[in-house]
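The sequence shown: position 164 = 163 (numbering that gives the first Met the number 0), numbered continuously.
Yeah, the Cβ is synthetic: ideal placement off N, Cα and C, and Gly gets one too.
Here the structure is a predicted model, which is why all the values come from computation and not from measurement.
Data first, discussion second: the structure below is written as structure tokens.
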Amino acid sequence: MTDKTSHTETPQTNAPQDEAQPHEAATQAAHHETEEGHTEAGSAEERIAALEEKLAEMEDRWKRSEADNQNLRSRHKREIEDTRHYAVQKFARDVVEAAENLRRGLSALPEHKDGEDALITRLREGFEGTERSFLSILERHGITKLDPTHEPFDANLHQAMQEQEVDHLPPNHVVQAWTPTWMLKDRLLKPAMVIVSNASSTGQAPKKD
């Protein structure tokens, strides 16, 4: 009989390799978690930066809107004030015409002199009192008169009626004012009618007080 010899094969073990696999897996997992952490951190920073940019944009829009609203309110306030101050401009021109007629009536009276008729004296005093009261009322409503006599001629405020050669004023000065300059607040209401020194005038400009 032939003896059968049984050979028992000892299986080869990969213990070292099997032991290395959990360590490698843990390393890979840690690396993956680190990458995810960086990605999440980067994404959060980007979101914060985007929000900050959006906030800055909204703040800029709000400031611009506030500035526009303030300009609109200021313009509206000026328009209301202008309307209130100058709505009576046409009426004011008629009123100053009455004031000028009163002055013409006073100028038509003879100059005061000793021994004059008492009626003339009372008449003059009555006109003068009425004129003072009338001008005071006009001033309370922003209507004022300016005497341009001996002032430099200003085409914005004066209307030249004629020119005259004089020796007490330089050229282009008001020699005589037939009517005053009338103002409503800071706006010209009515220009003064004046006589202006011509180019041949040889005087000196008056000194200011």
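Coil, strand or helix - residue i by DSSP
i      : result
Leu108 : coil
His172 : strand
Thr180 : strand
Lys76  : helix
Lys144 : strand
Cβ neighbours of residue i in the same chain (closer than 7 angstroms, five flanking residues each side left out)
i      : result
Lys189 : Arg92, Val95, Trp181
Arg186 : Tyr85
Run of the alpha helix (DSSP H) containing residue i, from where it starts to where it stops
i      : result
Ala159 : First-last for Ala159: 157-163, but that is the beta strand (DSSP E), not the alpha helix (DSSP H).
Thr120 : 117-139
Residue i to residue j span [Cα, whole Å]
i      : j      : result
Asn171 : Lys144 : 21 angstroms
Pro147 : Glu162 : 15 angstroms
Ala49  : Asp59  : 15 angstroms
Ser106 : Asn70  : 51 angstroms
Asp166 : Val173 : 13 angstroms
Leu168 : Ser200 : 6 angstroms
Ser132 : Gly125 : 11 angstroms
The beta strand (DSSP E) enclosing residue i, as first and last residue numbers
i      : result
Ser196 : 191-196
Short CB-CB distance (under 7 angstroms) between residue i and chain D
i      : result
Pro169 : Annotation note: the requested chain D is absent from the structure, which comprises a single protein chain.
Close beta carbons around residue i, own chain, < 8 angstroms, minus the five adjacent residues each side
i      : result
Leu134 : Ala98, Lys144
His6   : With a pLDDT of 46 at His6, under the threshold of 50, the predicted position of this residue should be treated as unreliable, though the coordinate-derived value follows. Excluding sequence neighbours, His6 sits near nothing in its chain.
Same chain, Cβ closer than 6 angstroms to residue i, five either side skipped, listed in chain order
i      : result
Ala191 : Pro147, His157, Ala176, Thr178, Pro179, Thr180
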